[in-house]
Amino acid sequence: MRALVVIERLADGVDELSLQALAFGRGLAGGPDVHALAVGEGGADLAPLLGAHGVSEVHVAEHEAFVSYAPPAVARAVVDLVERLSPGLVLAAGSDRGNEVLARAAAMVELPFAANCVDATTGDPLRVTRQRWGGSLLEEAELAGAPALLTVAPHVVAAAPVDGAEATVDTFTPTLSPDELAVRVVEHVRAEAAGVSLSDANVVVSGGRGTGSAEGFAVLEELAELLRGAVGCSRAVTMAGWRPHTDQVGQTGTKIAPDIYIACGISGATQHMAGCKGAKKILAINVDPEASIMASADYAVIGDLREVVPAVSAEIRKARGT
Amino acid sequence: MRVLVCVKRVPMTGGRIVLTEDAQEIDTAHLGFTISPHEECGIEEAARLIEAHGGESVVLTLGAAEAEEQLRDAMALGIDRALHLDSEGSEWDGQATAEAITNAIRAEEAASGTFDLVFFGNESADAGGFQVGIRVAHALGRPCVTGLKGIAVEGSGVRCEQEVPGGRDVYRIPFPAIVTVKEGLNLPHYPSVPAKLRAQRQPVDTATPARQEQRLRKLRLVVPESRGKRAEVLGEGPAAAERVVEVLREIGVA
Ligand SMILES: Cc1cc2nc3c(=O)[nH]c(=O)nc-3n(C[C@H](O)[C@H](O)[C@H](O)COP(=O)(O)OP(=O)(O)OC[C@H]3O[C@@H](n4cnc5c(N)ncnc54)[C@H](O)[C@@H]3O)c2cc1C
Ligand SMILES: Nc1ncnc2c1ncn2[C@@H]1O[C@H](COP(=O)(O)O)[C@@H](O)[C@H]1O
Chain A
1 MRALVVIERL ADGVDELSLQ ALAFGRGLAG GPDVHALAVG EGGADLAPLL GAHGVSEVHV
61 AEHEAFVSYA PPAVARAVVD LVERLSPGLV LAAGSDRGNE VLARAAAMVE LPFAANCVDA
121 TTGDPLRVTR QRWGGSLLEE AELAGAPALL TVAPHVVAAA PVDGAEATVD TFTPTLSPDE
181 LAVRVVEHVR AEAAGVSLSD ANVVVSGGRG TGSAEGFAVL EELAELLRGA VGCSRAVTMA
241 GWRPHTDQVG QTGTKIAPDI YIACGISGAT QHMAGCKGAK KILAINVDPE ASIMASADYA
301 VIGDLREVVP AVSAEIRKAR GT
Chain B
323 MRVLVCVKRV PMTGGRIVLT EDAQEIDTAH LGFTISPHEE CGIEEAARLI EAHGGESVVL
383 TLGAAEAEEQ LRDAMALGID RALHLDSEGS EWDGQATAEA ITNAIRAEEA ASGTFDLVFF
443 GNESADAGGF QVGIRVAHAL GRPCVTGLKG IAVEGSGVRC EQEVPGGRDV YRIPFPAIVT
503 VKEGLNLPHY PSVPAKLRAQ RQPVDTATPA RQEQRLRKLR LVVPESRGKR AEVLGEGPAA
563 AERVVEVLRE IGVA
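Sequence lines, in order, name chains A and B.
Each residue of the first sequence is one higher than the one before, starting from 1 at the first, in my numbering.
Each residue of the second sequence is one higher than the one before, starting from 323 at the first, in my numbering.
Okay, structure coming up:
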């Protein structure tokens, strides 16, 4: 089957999640008929890299609209290719932009769209397993019509280079209506750099309602600093106004994948755990030995975080002789 | 100014999801219900916009009869009026949901005037389809920006901010427009008791749209396998600190 994969570009290459979507699409296509769409100038430079990831032909959409992200224009480029190539599958990464572009394309061609798939089986109809509740629940579903449009949930398959030849390049100009040019990024506001970011941190020390107050986070900040980590929190905390939403871990917060997640005074609701299931290890510090989080944590300390956390910091200092 | 917010009633699951025997739904026998935090921010923003600019705010849901609870919750937070599209119990897929909402918007606008802004969540809490708002925008031929963390009215349109790696991307779109929003857009307030009482008396209009054929057809739900172990208890109270640091060393972070 022919697959078309929409690629998200970075300044210096291809986003990792797009390479994962390529690996997923290649497996599903069951053959070498894998096409990629890269929008914007310089897309042709990706031909060696995409070829090495199993792409036979890369289609580069060129138009002045693509100097900044313009979601309806990208979706139109997808639809133009769908008409020209008649793929059986159209895939993208289950990222903000991947989901947005495929939902728009699906609306244009009046077909169903399955977001964040973890598995799929070809057939008529195509069958998918997809994430609900941020991955806390899975749904098996059938997708009517062709092509099947789907995104691939992040980190369910690894990017996998093959011994592919360089992809051939086809350059085209999509036909864009004025409406499709009207929604676009017109400005970028850069964030002021602030310490270790939550999404990239190796260690995250996180607090829940059990911290008791905004001031209750001082002991967590101290431990995070000693471990060169970031501070996170639960939604109970952001709703109370103790921490900004940018610190929230979970289904509607940030998704993290640290080496260790230290969850202090957090009960372990599914919506919270949806944000930290990528953590390699989880340590729960909780007064309640029956808290739900005990079922997903690797380690636990039963006790009051206000005593346990400072004791851990003191022990680290002692060991370091500082 | 006229503003609409679309919300979806979902079960409030706790620490573990339990399914009904036929694996079609979450077993909600012991659960309360809520909406996505994203949609709560949509409600808060709509109420604030109408407070600042005057006009009318409306909340809409497609759901079972019980979804009236979520409509009243929204009105307790400052929304003026509610539209209930009765789904007759079952969940509808993204295409069918978008079509029902699009038709309801057309009917409502023919009667009371165009909505300058329609708010959706970036994704629903349960289905996570990432599509209903975009499909409605496409059907109505209106500009749409997704996943907003910031919004400001500027003249006869809105400035929209989206969080991206390294900062924020900005879009400007004219009214009438559709936006999908994320939690963090604002900090929703809690409803007052008088507001809750008032919401019980506010009007809810009901319609029963025809259910379309499902094209993303749910076969069954599956609870993913858990790590299948219980946490190793390192100790109780501050006395556990030494073991904790040993573990942090093993992991290579201390
Ligand atoms: C659609 C939806 C999306 C959501 N998204 C998110 C999300 O992104 N992130 C998120 O976090 N939540 C999210 N939630 C909310 C989630 O369901 C929970 O309500 C929330 O995670 C609870 O936060 P908590 O664990 O801090 O509070 P609680 O559940 O109240 O738990 C507090 C814990 O602290 C322990 N404790 C109390 N005192 C101490 C002490 N002194 N020392 C040690 N332990 C103590 C208690 O034993 C308890 O286990 C979402 C909910 C919904 C419906
Ligand atoms: N049944 C529904 N009733 C009203 N609004 C809905 C419904 N389903 C989805 N929506 C809206 O569409 C958004 C995106 O939903 P989804 O495409 O399922 O992720 C949600 O956050 C809601 O704002």
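Just so it is clear, CB atoms sit at the ideal spot from N, CA and C, and this is done for glycine as well.
Suppose contacts are defined by Cβ-Cβ distances below 9 Å. Is residue i in contact with residue j by that definition?
| i | j | result |
| --- | --- | --- |
| histidine 272/A | glycine 241/A | no |
| lysine 504/B | threonine 252/A | yes |
| alanine 144/A | valine 128/A | no |
| leucine 22/A | glycine 43/A | no |
| leucine 150/A | leucine 81/A | no |
| phenylalanine 24/A | valine 186/A | no |
| glutamate 100/A | glycine 469/B | yes |
| serine 136/A | threonine 270/A | yes |
| arginine 537/B | glycine 435/B | no |
| valine 458/B | threonine 424/B | yes |
| alanine 291/A | glycine 337/B | yes |
| valine 526/B | leucine 407/B | no |
| leucine 543/B | leucine 138/A | yes |
Would a check of beta-carbon distances place residue i closer than 9 Å to chain A?
| i | result |
| --- | --- |
| leucine 556/B | yes |
| glutamate 366/B | no |
| glutamate 388/B | no |
| histidine 360/B | yes |
| threonine 468/B | yes |
| histidine 580/B | In the structure as shown, chain B starts at 323 and stops at 576, and residue 580/B therefore has no counterpart that could be examined. |
| leucine 353/B | no |
Please report the straight-line C-alpha distance between residue i and residue j, rounded to a whole angstrom.
| i | j | result |
| --- | --- | --- |
| isoleucine 348/B | leucine 341/B | 4 Å |
| aspartate 15/A | arginine 9/A | 6 Å |
| aspartate 179/A | alanine 387/B | 38 Å |
| glycine 416/B | lysine 330/B | 12 Å |
| aspartate 170/A | arginine 2/A | 16 Å |
| alanine 311/A | glutamate 222/A | 11 Å |
| tyrosine 512/B | alanine 389/B | 19 Å |
| serine 595/B | phenylalanine 497/B | Residue coverage of chain B in this structure runs from 323 to 576, which leaves residue 595/B outside it and unanswerable. |
| arginine 494/B | threonine 173/A | 25 Å |
| leucine 227/A | aspartate 45/A | 41 Å |
| tyrosine 299/A | serine 267/A | 14 Å |
| serine 412/B | aspartate 12/A | 47 Å |
Compare the C-beta of residue i with all C-beta atoms of chain B and state if any pair is closer than 9 Å.
| i | result |
| --- | --- |
| valine 79/A | no |
| threonine 151/A | yes |
Got a sec, what are the start and stop residues for the beta strand (DSSP E) residue i sits in?
| i | result |
| --- | --- |
| glycine 51/A | Not the beta strand (DSSP E): glycine 51/A falls in the alpha helix (DSSP H), residues 47 to 52. |
| cysteine 264/A | 260 to 264 |
| asparagine 36/A | The identity of residue 36/A in the sequence shown is alanine, whereas the question assumes asparagine. 34 to 39 is the span of the beta strand (DSSP E), which, as asked, contains alanine 36/A. |
| threonine 502/B | 499 to 503 |
| serine 379/B | 378 to 385 |
| phenylalanine 442/B | 439 to 443 |
| histidine 188/A | 187 to 190 |
| aspartate 527/B | 526 to 529 |
Can you name the start and end residues of the alpha helix (DSSP H) that residue i belongs to?
| i | result |
| --- | --- |
| leucine 111/A | No alpha helix (DSSP H) contains leucine 111/A, which DSSP labels as neither H nor E. |
| alanine 426/B | 416 to 434 |
| aspartate 395/B | 390 to 398 |
| glutamine 453/B | Premise fails: glutamine 453/B is in no alpha helix (DSSP H) and is neither H nor E. |
| glycine 364/B | 359 to 375 |
| isoleucine 316/A | 305 to 320 |
Note down, in chain order, every chain B residue with its Cβ under 7 Å from the Cβ of residue i.
| i | result |
| --- | --- |
| tyrosine 299/A | Ala553, Glu554, Leu556 and Val569 |
| glycine 323/A | Limits of chain A in this structure are 1 at one end and 322 at the other, which puts residue 323/A out of reach. |
Determine the chain A residues that contact residue i at a beta-carbon separation under 7 Å, and present them in chain order.
| i | result |
| --- | --- |
| valine 475/B | Simply none; closest approach about 16 Å. |
| lysine 540/B | Glu139 and Ala141 |
Starting from the beta carbon of residue i, find every residue of chain B whose beta carbon is closer than 8 Å, and list them in chain order.
| i | result |
| --- | --- |
| glutamine 20/A | The premise fails here: glutamine 20/A is roughly 17 Å from chain B at the closest Cβ pair, so nothing lies under 8 Å. |
| proline 112/A | Asp415, Gly416, Gln417, Arg537 and Leu538 |
| tryptophan 325/A | The question about residue 325/A has no answer here: the residues shown for chain A are numbered 1 through 322. |
| leucine 292/A | Correcting the residue type first, residue 292/A is serine in the shown sequence and not leucine. Neighbours of serine 292/A on chain B, chain order: Gly336, Gly337 and Arg338. |
| leucine 227/A | Leu570, Val575 and Ala576 |
| lysine 255/A | Within chain B, no residue comes near lysine 255/A; the closest Cβ sits about 13 Å away, beyond 8 Å. |
Would you mind telling me which residues of chain A sit closer than 8 Å to residue i, beta carbon to beta carbon, in chain order?
| i | result |
| --- | --- |
| valine 492/B | Val185, Val186, Glu187, His188 and Val189 |
| isoleucine 495/B | Ala182 and Val183 |
Which residues of chain A have a Cβ atom closer than 9 Å to the Cβ of residue i, listed in chain order?
| i | result |
| --- | --- |
| valine 545/B | Ser136, Leu137 and Leu138 |
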